[in-house]
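One structure below.
In this note's numbering, the protein residues as written are 32 to 744.
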């Protein structure tokens with residue numbers, strides 16, 4: 032007897048269905064893609080019990096001809112393609128012709144369909160790939176699929192379904208993806224007789240995002256629109272400060288199809304590099320339009336993964352698109368004030384509220400209780416009198432008078448509490464409370480304190496003379512500050528063998544900033560007004576108030592300086608080569624980028640595949656780093672086609688250097704130094720965030736301030 036046999040049609044259908052249909056969400060996906068390909072503008076999805084017992088997809092598309100219904104449920108029957116050349120130009124979501132055949136093999140299906148020009152519709156029923164009913168009926172234009180009892184004939188698959196809420200969440204997630212991919216279609220999701228999602232279908236991406244993720248997420252997006260070598264990338268990306276805790280909010284759509292692409296995800300995260308907090312991930316809704324012959328969508332059963340003919344080009348397109356949007360459209364963060372809150376007098380002026388509680392006095396027998404009514408005016412007078420408080424541990428006794436506070440210019444004596452039945456004495460007469468202002472003039476400053484405040488940026492000033500301090504009570508203009516900065520003598524030229532960062536020293540930094548800053552015409556100049564808590568710089572630029580974190584600003588400036596100055600890293604040769612075994616893919620990536628490895632400070636030679644010989648590493652890494660881990664990480668960066676393959680450990684090192692070298696909070700700063708620092712970061716798009724992702728500048732508009740003072744309603 033032959034051991035090789037041909038499987039029956041029923042078994043073959045069940046096996047084939049398992050590749051496409053594995054849960055209720057798979058059924059909804061296939062039906063929604065067919066509805067979109069049919070030109071529908073309104074689609075309704077309804078599920079019950081997580082889709083286990085009931086799923087309905089209704090659209091207003093072009094419908095199906097009555098004669099085509101039996102054929103539509105045959106395997107590899109489709110209207111999307113007709114010949115092999117069509118596979119090179121696929122623009123529809125479906126094309127294999129396996130969806131309906133797979134669905135009817137594992138569920139009970141009813142179809143109601145009608146074309147626009149037909150006088151009546153058609154009802155077609157099929158169960159387990161066997162036709163049950165085909166009859167005329169009345170129905171609206173379009174198609175309705177009703178799928179019941181999924182996996183009723185495959186108990187082995189049914190037991191692997193999760194609980195209803197989990198399966199329903201998968202369906203909802205799928206509908207949201209398709210909603211974002213086609214904002215011109217109105218989607219409605221009904222879950223157990225409750226409407227969970229309803230979109231406008233007005234063709235606006237913002238409207239679709241608003242309906243799916245809500246107002247807060249939609250308002251945190253910046254627009255992306257960029258074309259790179261025939262690849263058009265458009266959509267929205269989230270602001271760095273609004274990054275998420277996971278990658279679930281990363282949405283990529285290639286020619287209208289939701290896909291998961293490692294190249295696109297790597298490009299997105301590289302664009303946000305050094306701009307978001309550690310442990311956070313960027314979010315996006317990006318649409319990538321590419322020529323259909325440059326992408327292969329027929330590589331995965333569910334078509335969720337695609338293959339690009341040029342992964343590097345795709346990486347560059349997404350990277351440049353997002354990076355350009357962050358540079359041009361990510362404005363400094365605005366402070367959000369509560370426009371509806373009405374502040375009370377107690378909140379505005381910190382008046383003590385009237386105390387209606389009863390004060391119990393210990394140590395005195397309760398022989399008599401005061402029953403007289405005290406006038407309200409006397410209570411108000413008492414509220415503004417000086418109050419002397421004592422520590423809780425020291426109980427006052429009749430023999431111990433109240434201690435006198437040292438800061439009071441005149442003594443306030445209180446009469447001891449009577450021990451008999453005599454009435455309480457009246458309060459002592461006192462003068463009305465008047466705040467006293469002490470005028471401070473000519474406070475002496477020792478020479479050591481004066482010199483300590485001259486250098487904010489670590490390095491010594493050498494022979495540079497201190498800049499003339501501005502006179503108090505005089506308004507200093509930006510032009511005067513820049514004039515003083517230009518007249519500052521530069522420090523002596525640094526020794527070429529000295530590895531310290533001279534550009535971060537006090538006056539050399541300030542002078543270099545003045546030389547480097549390029550002003551944008553017709554843009555208001557920032558003017559430093561003062562400093563808060565020795566940490567935050569208050570400035571004005573036109574009708575905006577700016578708050579700058581001086582440590583974050585200087586740290587980012589130094590970080591960019593270090594990266595810009597170190598074009599090529601010096602190499603530390605090893606005593607003996609270290610042999611590192613890689614995967615064949617990693618080996619090929621390193622072998623193809625030997626020149627770049629040299630600029631990054633690595634001396635690596637390909638050996639017998641897949642082994643490379645590491646002969647030198649960047650001197651900045653030190654001797655404690657494991658070459659195997661470093662080289663493996665570097666190879667992965669090349670595989671991902673990163674625009675900048677430099678390792679994250681370099682950035683971490685630069686972060687540490689910049690953080691230690693930057694001015695610290697609570698350091699004394701002069702107006703000239705603060706103005707120079709503000710000039711350096713105000714118009715530089717690379718310095719909006721510190722290397723750790725914290726904002727450098729935030730702003731508050733004049734209108735927002737006037738609203739708080741009720742000048743504007």
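We put the beta carbon where it would ideally sit given N, CA and C, even for glycine.
For this session: With DSSP as the reference, label residue 315 as helix, strand or coil.
Result: strand
Exercise. Short check: CB of residue 209 to CB of residue 299, under 8 Å?
Worked result: no
Exercise. Nearest-angstrom Cα distance between residue 160 and residue 134?
Worked result: 9 Å
For this session: Count the CB pairs spanning the region 313-328 and the region 279-296 that are closer than 8 Å, and state whether there are at least three.
Result: yes
For this session: Would you check if the region 611-631 and the region 703-716 touch, i.e. whether three or more CB-CB distances between them fall below 8 Å?
Result: no
Problem set entry | Range of the contiguous beta strand (DSSP E) that encloses residue 608 | 602-612
For this session: Would you decide whether residue 354 is buried or exposed? Buried here means 16 or more other CB atoms lie within 10 Å of its CB.
Result: buried
Exercise. Which of helix, strand or coil does DSSP assign to residue 305?
Worked result: coil
Exercise. Are residue 275 and residue 239 closer than 8 Å when you measure CB to CB?
Worked result: no
Exercise. Which class does residue 114 belong to by DSSP, given the choice of helix, strand or coil?
Worked result: coil
Problem set entry | For residue 698 and residue 554, believed in contact at Cβ under 8 Å, the rounded distance | Wrong, their Cβ atoms sit about 29 Å apart, outside the cutoff.
Exercise. In whole angstroms, what separates the C-alpha of residue 645 from that of residue 297?
Worked result: 26 Å
For this session: Identify which residue in 37, 78, 638 has its Cα closest to the Cα of residue 610.
Result: 638
For this session: Look up residue 217 in the DSSP assignment and say whether it is helix, strand or coil.
Result: strand
Exercise. In angstroms, rounded to a whole number, what distance separates the CA positions of residue 182 and residue 188?
Worked result: 6 Å
For this session: Would you please state the rounded distance, in angstroms, between the beta carbons of residue 54 and residue 195? I believe it to be under 8 Å.
Result: Not a contact, Cβ separation roughly 12 Å.
For this session: Please go through the region 219-286 and give each complete beta strand (DSSP E) segment of 3 or more residues, from N-terminal end onward.
Result: 225-229, 252-259, 262-269, 281-285
For this session: Taking the CB atoms as reference points, tell me whether residue 66 and residue 51 lie closer together than 8 Å.
Result: no
Exercise. Of the residues 725, 742, 726, which one's Cα is nearest the Cα of residue 733?
Worked result: 742
For this session: Return the first residue and the last residue of the alpha helix (DSSP H) that residue 706 is part of.
Result: 702-713
Exercise. Would you call the region 133-151 and the region 93-111 touching, i.e. three or more CB-CB distances under 8 Å?
Worked result: yes
For this session: With a 10 Å radius around its C-beta and 16 neighbouring C-beta atoms as the bar for buried, classify residue 584 as buried or exposed.
Result: buried
Problem set entry | Cutoff 8 Å; reference residue 326; Cβ partners in own chain excluding five residues on either side | 285, 286, 337, 338, 339, 340
Exercise. Residue 70: buried (16+ other C-beta within 10 angstroms of its C-beta) or exposed?
Worked result: exposed
For this session: Starting from residue 289, follow its DSSP beta bridges and name the residues at the other end.
Result: 284
For this session: Scan the region 147-192 and note each continuous alpha helix (DSSP H) run of 4 residues or more that stays entirely inside, going in chain order.
Result: 186-189
Problem set entry | Distance between residue 694 and residue 254 (C-alpha atoms, nearest Å) | 35 Å
Exercise. Cα separation between residue 176 and residue 97?
Worked result: 15 Å
For this session: Could you pull the start and end residues of the beta strand (DSSP E) that residue 570 belongs to?
Result: 567-572
Exercise. Is DSSP giving residue 131 helix, strand or coil here?
Worked result: helix
Exercise. Can you tell me the Cα-Cα spacing of residue 343 and residue 58, whole angstroms?
Worked result: 34 Å
Problem set entry | Beta-bridge pairing of residue 36 - partner residues as DSSP gives them | In DSSP, residue 36 forms no bridge with anything.
For this session: Would you mind stating whether residue 123 and residue 115 have Cβ atoms separated by less than 8 Å?
Result: no
Exercise. Taking residue 246 as the reference, which of 269, 232, 234, 218 has the closest Cα?
Worked result: 269
For this session: Under the assumption that residue 220 contacts residue 203 (Cβ atoms under 8 Å), give the Cβ distance between them as a whole number of angstroms.
Result: 6 Å
Exercise. Run through DSSP, which three-state label would residue 736 get?
Worked result: helix
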